[in-house]
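The structure appears below as structure tokens.
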Amino acid sequence: MLYTTKNKLVIWPILFLCLVACSHQKKYVTIEGKLIGFHKGDSVIYNKPFDGHKNYFISETTPVLNDSGAFKIVYASDSAGFAEIKSKKGRIFILAQNGDSIHVEEQAIPYADTFAMQPVVFSGSNAAFNNLYNKMNANLFNKYNYVRDLLDKKYPEGSNLYDTLLSGINNYLLPFDSLYTQKKTSKYFLEIAKSDFRNALFWDVFHNIGILEKKNIWVISEPENDLSRDILQHSMNVDPFLMHTNFGGGLLADFVGEYDVLFRKKDYPIYDTFYYKYGGKYKASAHLTPAYSKFFWAEMMVYKTIQNQEYGFSFDTIFSHLKNTFPDFAYIKIIDSLHKKYSPITNQPAKINNNIHLIDSSGSMNNLNYVIKKYFKDTAVFIDIWATWCMPCKEEFRYKKELNALLKEKNVNLLYISLDDTSMENVWQQNIKHFELEGAHILAGKKLSKDIADKVYKGEVAQYIPRYALVDKHGKFISMHMSTPSNLSQLHDELDSLLGKN
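Right, here's the structure in full:
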């Protein structure tokens, strides 16, 4: 008895401590799988959700583990939200929440009933849901053509157009209802999926009401804004899953941008007088509920910081208010970090140092082979394809010193080609100066961008950047998939292997 009692006295505290520790252990979303066209040394670009909110602008990378395209992503998500993975063929969307373990593989054989990107097959958590979501979302043309067909119909004069279109959209979403009936997804995920597609299709309606007018002239006299108001009001007032969806942020921006046209001041109360006073041209954000306004301003600050755009409002004033009002908001640390990293680039003309050479910004060049032949004769060239709006591109600039040293060691020249439009010349120059990008530079413009799409991407549906290519001293492109500067060891081996053979 004493022995048993002693063991109980020892064992129970241990069990108790284990249960407490396990109950406080943080859970994560784990996504792993294989992508076609990826090899060891490549990086997979993905966006993870913040507080369940769809994150458009902040991308991260994870290394490809082998030549079969294997990868693994792990992140925490306090509520269900969409992650997005950028493959060679398009985008893969995954709705997940903490504790989910998901496996995804791209398939070489296309869907039988769609001509869109290569299909994906899921297993593990929420497999049936993510399989259906990506299949229905794979053919964007089919999705938007469906709603355009609804807009192109003639409706009885005076019809409630919102309810009519909603009925048609709900018919499109019946496969999700069927999945729920079969108990292959939860009610929670069902409602998020329907909200996501509904908001995407109504966002398209909002921006294409002119199609509706062609066969329904009565809409103009009644006026079309009735439907526009209905769309935004439903999103703002009725949909509890708006911020989980891929178009939630876009509808918030439409609400703020069109408020003075579509609504009267009294239609929505002013929830925060601070934004009405200090929000500048975005003062209508004061009519958003606090739960929505924080996301609106977070996305606005992230977008303008990454794009190196003038804010149009006092960053310090708005950010201070956001921090004080929502101190635990997931975006606070992100915005602060981005603002420090990409601190304001002035509009003053850039002063370029002697190690930075601007080859062309006119957009007159139209052939990449011509560029190599004229400016890099008898020398190997490492090409960095980027853009001023591309955050992953700028993340790689952190390794520019290591890259420059490696290329100098290998006697390889460095050419940066920006895919920005030529109208962005000043911003382009400011970014080059800001990040101290030593090497040769070209602002591609439309003609050269098209040639790069043909020569480097070779018809890939999703032409993602940053992208790195290598040209040997004979002017021959010997790799269109060089490793990133952040993966310097792998890049070193690739240069040795490829240039040693030429």
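For the sequence shown, counting from 1, position 82 maps to 82 in my numbering; every step adds exactly one.
The beta carbon of each residue, even a glycine, is placed where N, CA and C say it ideally should be.
Owing to the predicted nature of the structure, the values given are computational and were not obtained by experimental measurement.
Pairwise C-alpha distance: residue j and residue i
| i | j | result |
| --- | --- | --- |
| D204 | S228 | 11 Å |
| T379 | L415 | 12 Å |
| L491 | K401 | 14 Å |
| L488 | Y375 | 26 Å |
| K394 | K341 | 10 Å |
| I356 | I442 | 11 Å |
| K183 | A127 | 12 Å |
| V302 | K283 | 18 Å |
| S101 | A76 | 12 Å |
| Y311 | H53 | 23 Å |
| F57 | L322 | 19 Å |
| D177 | L132 | 11 Å |
| L499 | F93 | 38 Å |
| A469 | N369 | 13 Å |
| K265 | Y276 | 12 Å |
| A96 | A440 | 43 Å |
| W386 | R398 | 14 Å |
| V520 | N208 | Given that the chain is displayed from residue 1 to residue 502, the structure contains no residue 520 and the question cannot be resolved. |
| D336 | I73 | 24 Å |
| Y259 | I332 | 27 Å |
| D51 | G81 | 8 Å |
| G249 | E299 | 8 Å |
| D496 | F382 | 13 Å |
| L403 | Y144 | 43 Å |
Assigned secondary structure, residue i (DSSP; H/G/I helix, E/B strand, else coil)
| i | result |
| --- | --- |
| L415 | strand |
| P63 | strand |
| E402 | helix |
| K473 | coil |
| E409 | helix |
| G124 | strand |
| F38 | coil |
| N367 | coil |
| A76 | coil |
| E378 | Checking the sequence shown, residue 378 turns out to be Asp, not Glu. Looking at D378 - three-state DSSP - the assignment turns out to be coil, as it is neither helix nor strand. |
| K88 | coil |
| L437 | coil |
| H481 | coil |
| S228 | helix |
| F129 | helix |
| S489 | helix |
| Y144 | helix |
| S423 | helix |
| D587 | Nothing about residue 587 can be reported from this structure: the residues present for the chain run from 1 to 502 only. |
| Y46 | strand |
| V238 | coil |
| Y457 | helix |
| Q429 | helix |
| D152 | coil |
| N246 | coil |
Beta bridge counterpart(s) of residue i as assigned by DSSP
| i | result |
| --- | --- |
| A96 | G81 |
| W386 | S418 |
| F71 | G33 |
| Y28 | Answer by DSSP bridge pairing: none, since Y28 is not bridged. |
| L443 | S418 |
| V104 | G33 and F122 |
| I356 | G439 |
| H53 | F50 |
| Y468 | D384 |
Nonlocal neighbours in the same chain, by C-beta distance under 8 Å from residue i, ignoring five residues either side
| i | result |
| --- | --- |
| V64 | L35, F38, H39, K40, G41, D42, S43, V44, A70 and F71 |
| N169 | The displayed chain sequence assigns Ile, not Asn, to residue 169. For I169, where only same-chain residues beyond five positions count, the Cβ hits under 8 Å are V147, L150, F197, R198, L201 and F202. |
| N7 | Caution applies to N7, whose pLDDT of 38 falls short of 50 and renders its modelled position unreliable; the model cannot decide the point. |
| E494 | G41, L470, S479, M482 and S483 |
Sequence-distant residues of the same chain with beta carbon closer than 7 Å to residue i, five excluded per side
| i | result |
| --- | --- |
| M424 | T388 |
| T422 | S361, S362, G363, L443 and G445 |
| Q348 | With a pLDDT of 45 at Q348, under the threshold of 50, the predicted position of this residue should be treated as unreliable, though the coordinate-derived value follows. Counting only Cβ-Cβ distances below 7 Å, and skipping sequence neighbours, we find nothing. |
| L212 | L151 and V219 |
| F247 | N199, A200 and W203 |
| L338 | V302, T305 and I306 |
Cβ shell of residue i (< 6 Å), same chain only, five flanking positions each side left out
| i | result |
| --- | --- |
| K154 | K215 |
| F197 | L173 |
| S195 | D239, F241 and T245 |
| S449 | L419 |
| S59 | I45, N47, M391 and P392 |
| E409 | none |
| L232 | F255 |
| D230 | Y162 |
| F122 | V104, N130 and N131 |
| T62 | V44, F71 and I73 |
- Uninterrupted alpha helix (DSSP H) stretches inside the segment 155-220 (no shorter than 4 residues): The DSSP assignment places 161-172, 174-181, 187-206 and 209-215 as complete runs of the alpha helix (DSSP H) inside the segment 155-220, in order along the chain (cut-off: 4 residues).
- Task: Entirely within the segment 259-342 and at least 4 residues each: give me those alpha helix (DSSP H) ranges in chain order.
- Result: Counting whole runs of 4 or more residues, the segment 259-342 contains the alpha helix (DSSP H) stretches 273-278, 290-306, 315-325 and 331-341.
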